[in-house]
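This report refers to the structure that appears directly beneath it.
There are 2 protein chains.
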Amino acid sequence: MSKNIPEKVSNRLTLYHSIMVEYIEEGIETISSPQIAQRLGIDDSQVRKDFKLLNNAGKCRVGYLVKDLKDSIEKTLGFAKTKDAFIVGAGHLGLALAKYDSFNSYGLNILALFDNDPQKVDMQVNNKQIFHISKLPNLVERLGVEIAILTVPRQYAQAVADFLIDSNIKYIWNFTPAVLKVPPTVKVWNENLMGSFLQFACKDII
Amino acid sequence: MSKNIPEKVSNRLTLYHSIMVEYIEEGIETISSPQIAQRLGIDDSQVRKDFKLLNNAGKCRVGYLVKDLKDSIEKTLGFAKTKDAFIVGAGHLGLALAKYDSFNSYGLNILALFDNDPQKVDMQVNNKQIFHISKLPNLVERLGVEIAILTVPRQYAQAVADFLIDSNIKYIWNFTPAVLKVPPTVKVWNENLMGSFLQFACKDII
DNA sequence: TTTTAATCGTGATTTTTTTCTTGATTTAGT
DNA sequence: ACTAAATCAAGAAAAAAATCACGATTAAAA
Chain A
1 MSKNIPEKVS
11 NRLTLYHSIM
21 VEYIEEGIET
31 ISSPQIAQRL
41 GIDDSQVRKD
51 FKLLNNAGKC
61 RVGYLVKDLK
71 DSIEKTLGFA
81 KTKDAFIVGA
91 GHLGLALAKY
101 DSFNSYGLNI
111 LALFDNDPQK
121 VDMQVNNKQI
131 FHISKLPNLV
141 ERLGVEIAIL
151 TVPRQYAQAV
161 ADFLIDSNIK
171 YIWNFTPAVL
181 KVPPTVKVWN
191 ENLMGSFLQF
201 ACKDII
Chain B
1001 MSKNIPEKVS
1011 NRLTLYHSIM
1021 VEYIEEGIET
1031 ISSPQIAQRL
1041 GIDDSQVRKD
1051 FKLLNNAGKC
1061 RVGYLVKDLK
1071 DSIEKTLGFA
1081 KTKDAFIVGA
1091 GHLGLALAKY
1101 DSFNSYGLNI
1111 LALFDNDPQK
1121 VDMQVNNKQI
1131 FHISKLPNLV
1141 ERLGVEIAIL
1151 TVPRQYAQAV
1161 ADFLIDSNIK
1171 YIWNFTPAVL
1181 KVPPTVKVWN
1191 ENLMGSFLQF
1201 ACKDII
């Protein structure tokens, strides 16, 4: 991904992408920036600026080709390039993510889950096996997996993260509310469910 | 929430909050902006600016009082004010969110779940009952619930959202990848799992 | 006490992001 | 053809956010 896409932009790009998928399903071939802008409650020149970033020219009075937009969003966001990942923590959230097929169409390939609960080990979820956590280091090495999706309870988050780092995991998508301590070689992405919700709620609901 | 807290700030506030919780557990009473900044990989003056927004003064050479910071973050983000919500869609994600106890401590109170699958109806999840979706309008009215957390499959998202809106739901926290069409009286918050992940992944993993 | 180093507070600067504006283009209607 | 309306493109302007810089404060060490 040569270009450095700002967080806000990549967020909007995925929203645009969803709209493109919808338009394709409905057989609509072109879409204009005001249409999209109105749908998302943003400015239409914002939409055009974002599309320009994709090097995707529109046609005056007509708009953009839905198919082309969808393709270049996918290319820009790297959907095409599949990335393998492990889910660590086969609790409810872990299982939910394992079943979340959208990941696949967005280029994130969940290979397996890990847990320390013997009852869960060897179960299958959405064709993915749950392994005992002790098997992780070996599988990381054999499969060259760099990404872990962390869905364990908060109190174990740091200890498990340390274990993942020892096992050579390079990227942690952190769904726990803990703020992980990691060395500079490891990148953490905090999925901050409450943060984004509070922002939403605070604006209106008092 | 009188003040209009920008999205990025409220995001950082929840991260600060997690760190405060951790410090309290460890019995540490003060924390400095450089400590926090280093942990999150951001600038320390940024942290101070955010704290200033909370009207929370620090002490030179010492830092801020952890307890005070935690309290004022909670006050500012409205943790104190409990908000009731329904989860619509008792699939894996819906069940996971129903079990996610952090919601409660952040002031979001899940009252019940709804689904159209007769097999799921009347089950209990984390002390919350699953009702048939047809019961929703009545319960919205009786309990005065304004928030729905939407976790149905994408293809039903718009239809279910329309139903929620007819039932007088005012805020939709949308976990589906669909971009909902709603009237201006209804606010949608898109939880864009892939968007935030792609942003993370794009930066490094190519 | 005096010095030193860490830390705060805040105004200035820079960078990033969004919105505004204007002119060109294109389709559809006259 | 000509006109009108919608739309794109792109630069300018404005707004927002992040970073820098530095004086003031304070706790601990010399």
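The listed protein sequences derive, respectively, from chains A and B. So the first sequence is numbered by my numbering: it starts at 1 and just counts up by one. So the second sequence is numbered by my numbering: it starts at 1001 and just counts up by one. C-beta atoms are modelled at their ideal positions from N, C-alpha and C, and glycine is treated no differently.
- The Cβ-Cβ distance between residue 77 of chain A and residue 10 of chain A falls below 8 Å.
- Separation of residue 200 of chain A and residue 1191 of chain B (C-alpha to C-alpha, rounded to the nearest whole angstrom) is 11 Å.
- By the C-beta criterion, the stretch 1170 to 1181 of chain B is judged to be in contact with the stretch 1144 to 1162 of chain B, since at least 3 inter-stretch pairs fall below 8 Å.
- Taking residue 1113 of chain B as reference, the option from B:1057, B:1089, B:1179, B:1188 with the minimal CA-CA separation is B:1089.
- When DSSP states are grouped into helix, strand and coil, residue 1063 of chain B belongs to the strand group.
- In the three-state reduction of the DSSP assignment, residue 140 of chain A falls in the helix class.
- Secondary structure at residue 1054 of chain B: coil, using DSSP grouped into helix, strand and coil.
- Taking 8 Å as the upper bound on Cβ-Cβ separation, chain A lies near residues 1039, 1040 of the stretch 1036 to 1066 of chain B.
- Beta-bridge partners assigned by DSSP to residue 1085 of chain B: B:1110, B:1147.
- Along the stretch 1176 to 1200 of chain B, the positions whose C-beta sits under 8 Å from a C-beta of chain A are 1177, 1178, 1179, 1181, 1187, 1189, 1190, 1191, 1192, 1193, 1194, 1195, 1196, 1197, 1198, 1199, 1200, read in chain order.
- Residue-level contact by beta carbon fails for residue 1033 of chain B and chain A, as no gap is shorter than 8 Å.
- Judged by DSSP secondary structure, residue 163 of chain A falls within the alpha helix (DSSP H) whose first and last residues are 154 to 166.
- Residue 1102 of chain B reaches chain A at 177, 194, counting residues in chain order whose Cβ is nearer than 7 Å.
- By the criterion of at least three beta-carbon pairs nearer than 8 Å, the stretch 1048 to 1059 of chain B is in contact with the stretch 1007 to 1027 of chain B.
- Chain-ordered, the chain B residues with CB closer than 9 Å to the CB of residue 96 of chain A read 1091, 1092, 1093, 1094, 1095, 1096, 1097, 1151.
- In the structure shown, the three-state DSSP call for residue 1169 of chain B is coil.
- For residue 1099 of chain B, the enclosing alpha helix (DSSP H) stretches over residues 1092 to 1099.
- Here residue 1118 of chain B is exposed: its Cβ has fewer than 16 other Cβ atoms, across all protein chains shown, within 10 Å.
- Against chain B, the CB of residue 106 of chain A has a partner CB under 8 Å away; the residue lies at that interface.
- Residues of the stretch 1010 to 1023 of chain B with a C-beta less than 9 Å from any C-beta of chain A: 1010, 1011, 1012, 1013, 1014, 1015, 1016, 1017, 1018, 1019, 1021, 1022, listed in chain order.
- Rounded to the nearest whole angstrom, the CA to CA distance from residue 116 of chain A to residue 1126 of chain B is 22 Å.
- As DSSP reads the structure, residue 1124 of chain B sits in a beta bridge with B:1129.
- In the structure shown, residue 181 of chain A adopts coil according to DSSP, grouped into three states.
- Here residue 106 of chain A is actually not in contact with residue 1180 of chain B; their C-beta atoms are around 19 Å apart, not less than 8 Å.
- Contact holds between the stretch 1127 to 1139 of chain B and the stretch 1080 to 1097 of chain B, because three or more Cβ pairs, one in each stretch, are under 8 Å apart.
- Exposed is the label assigned to residue 27 of chain A, since fewer than 16 other Cβ atoms lie within 10 Å of its Cβ.
- Nearest C-alpha to residue 1124 of chain B among B:1140, B:1143, B:1099, B:1141: B:1099.
- Sequence-distant partners of residue 177 of chain A (beyond 5 residues in either direction) whose C-beta falls short of 6 Å from its own C-beta, in its chain, are 154.
- The alpha-carbon of residue 195 of chain A is positioned some 6 Å away from that of residue 1014 of chain B.
- By the CB criterion at 8 Å, residue 1131 of chain B and residue 1140 of chain B fall outside the cutoff.
- Non-local beta-carbon contacts of residue 31 of chain A in its own chain, meaning distances under 8 Å to residues more than five positions away in sequence, involve 19, 20, 23, 63, 64, 66, 69 in chain order.
- For residue 1030 of chain B, the beta-bridge partners assigned by DSSP are B:1065.
- The DSSP-derived three-state label of residue 1021 of chain B is helix.
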